[in-house]
Amino acid sequence: MALRILQVKDGNGAVQVVAAGDEGAGHVVPGYFSSYDLAQATVARGSTLAQEVERAGRGEAVDLEAALVEGRVLMPIHHPDPAHFIVAGTGLTHLGSADGRDKMHKAQAGEQLTDSMRMFRMGLEGGKPTDGQIGVQPEWFYKGDGSCLVGPGEPLTSPVFAKDGGEEPELAGIYLIGPDGTPFRLGFCLSNEFSDHVIERGNYLWLAHSKLRQASLGPELLVGALPDHVEGTSRIRRDGELVFDKPFLSGEANMSHTIANLEHHHFKYDLFRRPGDLHVHFFGTATLSVTHGVKTQAGDRFEIDARPFRLPLVNPLAETAGSETPVAVRSL
Numbered sequence: 253m254a255l256r257i258l259q260v261k262d263g264n265g266a267v268q269v270v271a272a273g274d275e276g277a278g279h280v281v282p283g284y285f286s287s288y289d290l291a292q293a294t295v296a297r298g299s300t301l302a303q304e305v306e307r308a309g310r311g312e313a314v315d316l317e318a319a320l321v322e323g324r325v326l327m328p329i330h331h332p333d334p335a336h337f338i339v340a341g342t343g344l345t346h347l348g349s350a351d352g353r354d355k356m357h358k359a360q361a362g363e364q365l366t367d368s369m370r371m372f373r374m375g376l377e378g379g380k381p382t383d384g385q386i387g388v389q390p391e392w393f394y395k396g397d398g399s400c401l402v403g404p405g406e407p408l409t410s411p412v413f414a415k416d417g418g419e420e421p422e423l424a425g426i427y428l429i430g431p432d433g434t435p436f437r438l439g440f441c442l443s444n445e446f447s448d449h450v451i452e453r454g455n456y457l458w459l460a461h462s463k464l465r466q467a468s469l470g471p472e473l474l475v476g477a478l479p480d481h482v483e484g485t486s487r488i489r490r491d492g493e494l495v496f497d498k499p500f501l502s503g504e505a506n507m508s509h510t511i512a513n514l515e516h517h518h519f520k521y522d523l524f525r526r527p528g529d530l531h532v533h534f535f536g537t538a539t540l541s542v543t544h545g546v547k548t549q550a551g552d553r554f555e556i557d558a559r560p561f562r563l564p565l566v567n568p569l570a571e572t573a574g575s576e577t578p579v580a581v582r583s584l
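Going left to right, the sequence shown walks through residues 253 to 584 as my numbering numbers them.
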């Protein structure tokens, strides 16, 4: 039975760490006030999250579905200092991911093979190395720090200068860096790697700009190995009506890279192995509403669900009011 870790507010607004299995109620993990504290203790003891949850005992029962409806379910983990929560990811990693990206970039490349397609083919040929070997490096992007992350039910907000606010249904890995610089994977969660696809479509060199947006993390941290094949659904509702409803696939059986290869090419950099830091790493997707002609608008409701995750990730789309004004830099 897979272990899931959640953070849920109690009736007084205090954060509780909650453990849950494949079904039924979750239960409070006594003695911990955040998932980060639980993870730190696990590393310090040289144990596993499952062992620490078992050692702590079972606190009061928590109805997860009711807590989600009541808005009491938070992101599954947070850092007390958001600047020490690094948010990044990799793209062109899924077997269908090149199609939509290639269509966006063909206008610039004419009849030539686009850089996106070249990158995708490199992954197909060298993204799944044998054990002990290093595969080809993937596309990589930076989104920000923990201040750009939102939880279940919270709005994903496009900045005033945005051209688009589009969903990207993905799975993400969550990591803690140990005292000696060792990265520890805590688990996986559903995510919406919210991006600006119109900016990216204008010029593929603007991909970095298009990624500097918020992102949301799903309710639960799935501890342990990720199934090789994950099936999910991405939906957009507008005024109660379904305007987009497509399946998405993830897991290594549907990817051109192994997760271990993606992890290596992120954590090979010393600056990403700073003790005490958290990382969320998005693994990419192949399903986007923008490639199906959907233009999102404020008030749209993004809905992402996938097994083996029990709870869906739902976020409304919001837009910053006003107009863009120049940022003036003062000289000292």
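C-beta atoms are modelled at their ideal positions from N, C-alpha and C, and glycine is treated no differently.
Everything numeric in this text was worked out from a predicted model, so none of it was measured.
query, result
"Within-8 Å CB hit, valine 450 to chain B", "Among the chains in the structure shown there is no chain B, since it carries only a single protein chain."
"Length of the line joining the Cα atoms of arginine 453 and glycine 425", "27 Å"
"Status (buried if at least 16 other CB within 10 Å, exposed otherwise) for tyrosine 521", "exposed"
"Inter-residue spacing [alpha-carbon to alpha-carbon] between proline 334 and glutamine 364", "42 Å"
"CB of histidine 461 within 8 Å of CB of glycine 418, strictly", "no"
"Length of the line joining the Cα atoms of glutamine 268 and valine 260", "5 Å"
"Contact set for tyrosine 427: own chain, Cβ-Cβ below 6 Å, skip 5 residues either direction", "Pro435, Arg437 and His531"
"Exposed unless 16 or more other CB atoms sit within 10 angstroms - verdict on glutamate 420", "buried"
"Closest residue to glycine 298 among Gly430, Asp529, Glu445 and Pro390 (Cα-Cα distance)", "Gly430"
"For phenylalanine 535, the three-state DSSP class (helix, strand or coil)", "coil"
"Alpha-carbon to alpha-carbon, alanine 570 and proline 411", "9 Å"
"CB of proline 381 within 8 Å of CB of histidine 517, strictly", "no"
"Beta-bridge partners of lysine 634, as assigned by DSSP", "No answer is possible for residue 634: it lies beyond the span of the chain, which begins at 253 and ends at 584."
"Contact belief for serine 468 with leucine 565 at Cβ below 8 Å, rounded distance in angstroms", "6 Å"
"Span separating the alpha-carbon of glycine 528 from that of histidine 336", "8 Å"
"Isoleucine 451, enclosing beta strand (DSSP E) - first and last residue", "From DSSP, isoleucine 451 is part of no beta strand (DSSP E) but of the alpha helix (DSSP H) over 449-454."
"Exposure label - glutamate 493; buried when at least 16 CB within 10 Å", "exposed"
"Residues bridged to methionine 507 (per DSSP)", "His346"
"Beta-bridge pairing of lysine 483 - partner residues as DSSP gives them", "A quick correction: the sequence has glutamate, not lysine, at residue 483. Answer is Leu501, bridged to glutamate 483."
"Reduced DSSP secondary structure (H/G/I, E/B, other) of lysine 395", "strand"
"Among Leu290, Arg310 and Gly309, the one whose alpha carbon lies nearest that of leucine 301", "Leu290"
"Close-in-space but distant-in-sequence residues of the same chain around threonine 243 (CB under 7 Å, 5 per side omitted)", "The shown model of the chain, from 253 to 584, leaves out residue 243, and the question about it has no answer."
"Reduced DSSP category for serine 299 - H, G, I as helix; E, B as strand; rest coil", "coil"
"Identified DSSP bridge partners for proline 435", "Ile429"
"Proximity test, arginine 465 beta-carbon vs the ligand MN heavy atom, cut-off 7 Å", "Absence of the ligand MN is noted for the structure shown, with no ligands found whatsoever."
"Own chain residues within Cβ distance below 7 Å of glutamate 555, not counting five before or after", "Arg487, Arg489, Pro564 and Val566"
"Reference leucine 255, options Glu483, Asn264, Gly278 and Gly341, closest by Cα", "Gly278"
"Distance, leucine 584 Cα to tyrosine 288 Cα", "39 Å"
"Valine 305, DSSP secondary structure in three states", "helix"
"Which residues DSSP lists as bridging glycine 341, in chain order", "Phe393 and Phe534"
"Nearest-angstrom Cα separation, counted from lysine 415 out to threonine 218", "Limits of the chain in this structure are 253 at one end and 584 at the other, which puts residue 218 out of reach."
"Selection from Asn444, Leu459 and Phe561 that minimises the alpha carbon distance to phenylalanine 534", "Asn444"
"Bridge partners - glycine 278, DSSP secondary structure assignment", "Val314"
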